[in-house]
Amino acid sequence: MQLKLKRITVCLALVFTPGAFAAEAGGDTLPEVEVTGARIQPLPALSDSALGGGNITHLRAATSDTAKLLDDQPGVSLYGAGGVSSLPAIHGMADDRVRVKVDGMDLIASCPNHMNSPLSYIDPSNVGSVKVYAGITPVSVGGDSIGGSIVVDMPLPVFASPGKGSLTNGEIGASYRSNGNAKGGNLSATYATESINLTYNGVTAESDNYKAGGDFKTRTDTGVAGHTLPLDEVGSTAYKTRNHTLGFAMKGGNHIVEAKLGFQDIPYELYPNQRMDMLGNTQHRFNLRYLGQLDWGALEARAYHEKVDHFMEFGPDKKFLYTAGNTTQGMPMNTQGETTGATVKTSIILNEQDLLRVGGEFQNYRLDDWWPTVVGSAGMGPNPFWNINSGKRDRTALFGEWEKNLNTRWMTLLGLRYERVNTNAGMVHGYNLATFPTSVVGMDMMNQKRDASAFNNLNRDKADNNWDMSALARYTPDDTKDIEFGFARKVRSPNLYERYTWSTANMMSIMNNFVGDGNGYIGDTNLKPEKAHTLSATFDWHAADRNWEFKATPYYTQVTDYIDAVQWNGTTNAVRTPLLTNQFVVLRYTNQSARLYGLDLSGHIPLAKTGVGELGLKGLLTYTNGKNNDTGDDLYNIMPLNAKLTLTQKLGGWDNAIELVAAMTKDKLSDMRNEIRTPGYGLVNLRASHSWKQVRVDFGVENLFDRLYSLPLGGAYAGQGTTMMISPADMPWGIPVPGAGRSLYLGATLKF
Numbered sequence: 106m107q108l109k110l111k112r113i114t115v116c117l118a119l120v121f122t123p124g125a126f127a128a129e130a131g132g133d134t135l136p137e138v139e140v141t142g143a144r145i146q147p148l149p150a151l152s153d154s155a156l157g158g159g160n161i162t163h164l165r166a167a168t169s170d171t172a173k174l175l176d177d178q179p180g181v182s183l184y185g186a187g188g189v190s191s192l193p194a195i196h197g198m199a200d201d202r203v204r205v206k207v208d209g210m211d212l213i214a215s216c217p218n219h220m221n222s223p224l225s226y227i228d229p230s231n232v233g234s235v236k237v238y239a240g241i242t243p244v245s246v247g248g249d250s251i252g253g254s255i256v257v258d259m260p261l262p263v264f265a266s267p268g269k270g271s272l273t274n275g276e277i278g279a280s281y282r283s284n285g286n287a288k289g290g291n292l293s294a295t296y297a298t299e300s301i302n303l304t305y306n307g308v309t310a311e312s313d314n315y316k317a318g319g320d321f322k323t324r325t326d327t328g329v330a331g332h333t334l335p336l337d338e339v340g341s342t343a344y345k346t347r348n349h350t351l352g353f354a355m356k357g358g359n360h361i362v363e364a365k366l367g368f369q370d371i372p373y374e375l376y377p378n379q380r381m382d383m384l385g386n387t388q389h390r391f392n393l394r395y396l397g398q399l400d401w402g403a404l405e406a407r408a409y410h411e412k413v414d415h416f417m418e419f420g421p422d423k424k425f426l427y428t429a430g431n432t433t434q435g436m437p438m439n440t441q442g443e444t445t446g447a448t449v450k451t452s453i454i455l456n457e458q459d460l461l462r463v464g465g466e467f468q469n470y471r472l473d474d475w476w477p478t479v480v481g482s483a484g485m486g487p488n489p490f491w492n493i494n495s496g497k498r499d500r501t502a503l504f505g506e507w508e509k510n511l512n513t514r515w516m517t518l519l520g521l522r523y524e525r526v527n528t529n530a531g532m533v534h535g536y537n538l539a540t541f542p543t544s545v546v547g548m549d550m551m552n553q554k555r556d557a558s559a560f561n562n563l564n565r566d567k568a569d570n571n572w573d574m575s576a577l578a579r580y581t582p583d584d585t586k587d588i589e590f591g592f593a594r595k596v597r598s599p600n601l602y603e604r605y606t607w608s609t610a611n612m613m614s615i616m617n618n619f620v621g622d623g624n625g626y627i628g629d630t631n632l633k634p635e636k637a638h639t640l641s642a643t644f645d646w647h648a649a650d651r652n653w654e655f656k657a658t659p660y661y662t663q664v665t666d667y668i669d670a671v672q673w674n675g676t677t678n679a680v681r682t683p684l685l686t687n688q689f690v691v692l693r694y695t696n697q698s699a700r701l702y703g704l705d706l707s708g709h710i711p712l713a714k715t716g717v718g719e720l721g722l723k724g725l726l727t728y729t730n731g732k733n734n735d736t737g738d739d740l741y742n743i744m745p746l747n748a749k750l751t752l753t754q755k756l757g758g759w760d761n762a763i764e765l766v767a768a769m770t771k772d773k774l775s776d777m778r779n780e781i782r783t784p785g786y787g788l789v790n791l792r793a794s795h796s797w798k799q800v801r802v803d804f805g806v807e808n809l810f811d812r813l814y815s816l817p818l819g820g821a822y823a824g825q826g827t828t829m830m831i832s833p834a835d836m837p838w839g840i841p842v843p844g845a846g847r848s849l850y851l852g853a854t855l856k857f
């Protein structure tokens with residue numbers, strides 16, 4: 106019976122969230138299932154990568170960016186972006202190379218700069234749990250990615266205990282950060298009976314520009330009359346965001362049906378490493394799921410729909426009027442995206458040693474990206490510019506996964522996933538055309554007719570048949586050691602912007618950039634899917650009760666058809682030779698090959714129990730090396746060797762920490778992109794919190810000594826001035842985006 110109980114546990118831990126039917130104190134639960142996942146879940150370093158509850162509470166007050174909840178995870182780094190939209194990278198691979206699920210939904214960034222990233226749609230205060238799959242990702246977790254997976258879920262619904270009528274609870278919170286005058290508030294409220302749950306969550310957050318730890322630039326002008334920025338102010342880092350979610354759940358026996366309606370409104374989110382800013386983003390979403398625990402295993406089914414309306418323009422720190430006498434908008438850009446998806450997953454208990462997971466999913470994605478006419482501008486009219494017209498990206502997938510307990514020491518997992526990805530896009534035209542050309546006739550401003558006709562004559566209907574495979578084994582020689590090792594083949598098809606952006610002109614191409622390097626990008630309809638082959642192992646030494654532990658995860662990944670880029674000459678419409686250096690350039694996506702390897706170290710240990718409380722030490726160290734095999738160039742935006750060491754102290758309701766964060770110089774750079782070098786640095790952070798029964802207060806200081814430093818993955822500074830241009834005279838090259846200077850933060854939450 107104990108073995109069978111463990112089999113059910115694995116099923117729920119992987120198909121659902123561990124403790125999927127758990128309720129809060131005073132609430133009801135479905136029949137209890139013992140969660141022993143730290144010993145039997147076949148996922149590398151999962152026990153160190155699963156966050157929830159108290160593991161992330163202390164981080165919420167210090168940020169409005171959900172991606173930053175991953176700061177303490179080995180192998181994870183963050184691409185800089187807007188104030189609530191950092192892009193997580195796992196082992197050197199970021200953005201669409203990482204599968205990100207938010208409350209079970211596969212969301213897609215509908216923006217040529219990927220400003221509305223999936224994690225930007227959930228506020229840190231609404232996060233119930235986070236899982237990071239940084240090693241070998243099982244095929245049941247997701248496909249169409251090569252870097253790993255991140256699963257973020259809201260708190261689970263609670264129900265009243267039998268015979269106790271109803272329950273009502275909620276939480277109200279507020280936070281403030283001194284650097285940028287950032288402030289936020291959140292409210293949640295729940296009413297539940299034995300079978301019904303109704304929950305509302307609302308969040309608002311806003312901030313002004315933040316300041317670096319010193320002067321990092323030489324210009325104060327913004328291109329806007331009468332508006333300048335101090336030399337230590339990081340332009341275009343302000344934001345304002347609002348999120349609302351209404352959830353309704355019903356429970357009957359071992360079954361739950363849950364529906365959620367969500368709405369996001371971002372009036373503005375400015376970007377220091379992009380030439381445009383997001384001046385409007387609204388999202389409407391519907392998410393329906395069924396969870397059932399049955400005699401033979403478990404079943405989950407989900408359907409969701411999302412619609413996004415996105416608007417970009419020059420924010421207040423960037424030049425708005427480029428034409429004399431022009432009093433209209435600078436360069437408006439509109440994007441509309443719709444995503445519809447469904448998944449079905451089931452876990453079947455074959456016997457006491459074998460568990461089978463099977464499932465399927467589909468996703469339909471539609472995208473329109475057009476830039477309206479600018480009245481009075483010779484270059485942006487007299488017609489709209491179609492960047493992507495009627496873009497389509499449809500995925501259909503089936504997977505099967507077999508888990509076997511060979512004996513008390515050995516466990517294996519084998520999985521296979523097939524995924525078909527269909528992409529297509531309609532014909533396009535530039536500002537100077539009202540029709541879709543298939544030949545070049547007459548005057549051709551900025552080669553728009555040439556590029557559009559070449560694109561329109563291509564076969565744009567593409568179909569990829571992708572196969573993923575994962576093989577894992579876990580060996581547990583005793584209560585203090587675990588060894589996991591495995592191999593995976595993962596495949597990702599190009600996104601719509603990688604395949605279907607078409608203009609070689611400087612002005613248009615620089616508006617297509619989701620890595621924040623200041624360069625312009627052009628798509629290639631003939632791009633092949635990326636295919637990654639990864640070997641990874643995790644060595645886990647720990648106390649029997651995990652009072653202390655140390656983990657080491659080496660990994661090696663070889664990627665064929667890696668989507669990198671080559672410098673492009675728009676005039677000749679060919680690869681540029683020789684390469685331009687020390688300036689912004691235009692690049693075209695291309696398939697090459699790459700390899701990445703690295704090592705993650707993490708651990709924690711108690712130091713002493715003293716009169717001032719329990720002292721402990723925890724830390725992590727991450728190293729990643731990435732190389733383009735075809736050119737010998739270093740891969741772009743690889744985090745240098747970095748580490749974090751934290752001294753913790755607990756006494757009564759107090760939970761305090763002194764944190765040292767350090768990174769080496771980033772000098773392995775992508776020459777093709779003219780990547781900017783960043784110096785090494787060391788920062789000190791102070792964190793403290795006190796919890797009572799219903800009240801929690803968090804406070805601390807980030808960057809205690811107000812150190813001036815550059816973000817290794819922050820990209821190129823484009824936060825102010827004439828950002829539409831690519832020449833060094835208009836926008837200086839070589840300034841990395843700096844991190845924030847000293848900031849005091851305070852957060853408080855009250856549960857009722």
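Each residue of the sequence shown is one higher than the one before, counting from 106 in this note's numbering.
Note that the Cβ used here is the ideal one computed from N, Cα and C, for glycine as well.
These numbers were taken from a predicted model, which means no experiment stands behind them.
Below 7 angstroms CB to CB, which residues in the same chain sit around residue i once its five sequence neighbours on both sides are set aside?
i: Gly131; result: For Gly131, the pLDDT reaches just 43, beneath the cut-off of 50, and the residue's location in the model is therefore unreliable, leaving the point undetermined.
i: Tyr728; result: Gly703, Leu704, Leu746
i: Asn733; result: Asp669, Gln697, Ala699, Leu740
i: Gly402; result: Cys116, Thr451, Ser452, Ile453, Ile454
i: Gly628; result: Tyr602, Glu603, Arg604, Tyr605, Thr606, Trp607, Tyr694
i: Asp549; result: Arg555
i: Asp735; result: Gln697, Ser698
Alpha carbon to alpha carbon, how far is residue i from residue j?
i: Ala845; j: Ala317; result: 5 angstroms
i: Tyr184; j: Leu393; result: 31 angstroms
i: Val181; j: Thr543; result: 46 angstroms
i: Leu366; j: Trp491; result: 32 angstroms
i: Arg651; j: Glu780; result: 42 angstroms
i: Asn378; j: Arg498; result: 27 angstroms
i: Ile277; j: Ala294; result: 9 angstroms
i: Leu712; j: Thr440; result: 54 angstroms
Apart from the five residues just before and just after residue i, which ones in its own chain have a Cβ nearer than 6 angstroms to its Cβ?
i: Arg347; result: Thr309, Asp370
i: Phe321; result: Pro843
i: Ser169; result: Val189, Gly289, Ala310
i: His638; result: Arg594, Gln663
For residue i, which residues does DSSP report across the bridge?
i: Phe655; result: Trp646, Gly708
i: Asn306; result: Ser293, Thr350
i: Met210; result: Val207
i: Gly358; result: In DSSP, Gly358 forms no bridge with anything.
i: Val470; result: For clarity, residue 470 is Tyr in the given sequence; the question names Val instead. According to DSSP, Tyr470 bridges with Thr444, Arg498.
i: Gly481; result: Looking at the DSSP assignment, Gly481 forms no beta bridge with any residue, so it has no partner.
Run the CB neighbour count on residue i, radius 10 Å, all protein chains shown included, and call it buried at 16 or more, exposed below.
i: Leu685; result: exposed
i: Gln468; result: buried
i: Asn537; result: buried
i: Val115; result: For Val115, the predicted structure reports a pLDDT of 30, less than 50, and the residue's modelled location is therefore unreliable. A value from the coordinates is still provided. Per the 10 Å Cβ criterion, buried.
i: Thr854; result: buried
i: Lys798; result: exposed
i: Gly852; result: buried
i: Trp515; result: exposed
i: Tyr661; result: exposed
i: Trp673; result: buried
i: Asp200; result: buried
i: Thr513; result: exposed
i: Gln458; result: exposed
With a threshold of 8 angstroms on Cβ separation, who are the neighbours of residue i within its own chain once the five nearest residues in sequence on each side are excluded?
i: Val329; result: Pro421, Asp422, Lys423, Lys424, Phe425
i: Met220; result: Ala186, Gly187, Ser190, Ala214, Glu374, Tyr376, Gln379, Met383, Asn386, His415, Met417
i: His332; result: Pro421, Asp422
i: Pro437; result: Phe416, Met417, Glu418, Trp476, Pro477, Val479
- Task: Pick out the complete beta strand (DSSP E) segments inside the segment 566-606, 3 residues or longer, and give them in chain order.
- Result: Counting whole runs of 3 or more residues, the segment 566-606 contains the beta strand (DSSP E) stretches 567-583, 586-597.
- Task: Write down every uninterrupted run of the beta strand (DSSP E) in the segment 369-441 whose length is 3 residues or greater and which is fully enclosed by it, in chain order.
- Result: Listed in chain order, the complete beta strand (DSSP E) runs (minimum 3 residues) inside the segment 369-441 are 382-399, 402-418.
- Item | Any beta strand (DSSP E) of 3 or more consecutive residues that is wholly inside the segment 737-765 | Runs found: 747-756.
- Contiguous beta strand (DSSP E) assignments of at least 3 residues, all confined to the segment 201-286: If one requires a minimum length of 3 residues, the beta strand (DSSP E) runs lying completely within the segment 201-286 are 203-207, 234-238, 253-258, 272-282, in chain order.
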